[in-house]
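Step one of this worksheet: look at the structure below.
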Amino acid sequence: GIALLGPELFGQSHSELGSNPQRCHRPQAKLAFVLGGLSVCMRFTSIAAWVPVGLIIAFRRGKGTSRDSTKLYNWRNTLHTLIGLCATYGFIGVILGCFIDRWFYGFWAIPSLG
């Protein structure tokens, strides 16, 4: 899953993202966080790997595209990335994992609750 986040983690040209780079999220990043949510559903301690990845991506998005160093940090873009990409798609992965458990075991099994 983390391999799908290469461009977000290691930088990419903002011209590739279109006119508003802070609002679009690549489908690969969405899939990566769904897979991350599934991994958290399987083993809760994997959240220790996904939280820093989400924070790195969010803080990079908050810096913006301006080369002007006097521009203030954009907290709106950071929060949009944390909630719109990381939390939303990670939660979808956890819910998907719960439904898979329900389908295979016949009851709701939530491994992170013990």
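Here the sequence shown stands for residues 55 to 168, where the numbers follow our numbering.
The beta-carbon is built from N, C-alpha and C at its ideal position, and this holds for glycine as well.
query: Residue environment, Ala86, which counts as buried when at least 16 other CB atoms sit within 10 Å; result: buried
query: Nearest candidate by alpha-carbon position, reference Arg80, set Asn128, Trp157, Ile111, Cys152; result: Ile111
query: Beta-carbon gap between Gly91 and Gly138 smaller than 8 angstroms; result: no
query: For Leu59, the nearest candidate out of Gly108, His134, Cys95, Asn128 (CA to CA); result: Gly108
query: Cβ-based burial, Thr132 [other Cβ within 10 Å; buried from 16]; result: buried
query: Exposure of Thr135, with buried meaning 16 or more beta-carbon neighbours within 10 Å; result: buried
query: Own chain partners of Lys84 with C-beta closer than 8 angstroms, once the 5 adjacent residues on each side are dropped; result: Leu139, Tyr143
query: Delimiting residues of the alpha helix (DSSP H) encompassing Phe158; result: 142-159
query: Residue interval of the alpha helix (DSSP H) (run including Gly91); result: 81-96
query: Bounding residues of the alpha helix (DSSP H) (the contiguous stretch that carries Thr135); result: 129-135
query: Residues near Gly151 in its chain [Cβ-Cβ closer than 6 angstroms; skip 5 each side]; result: Leu92, Cys95
query: Contact check, Val88 vs Gly160, beta carbons under 8 angstroms; result: no
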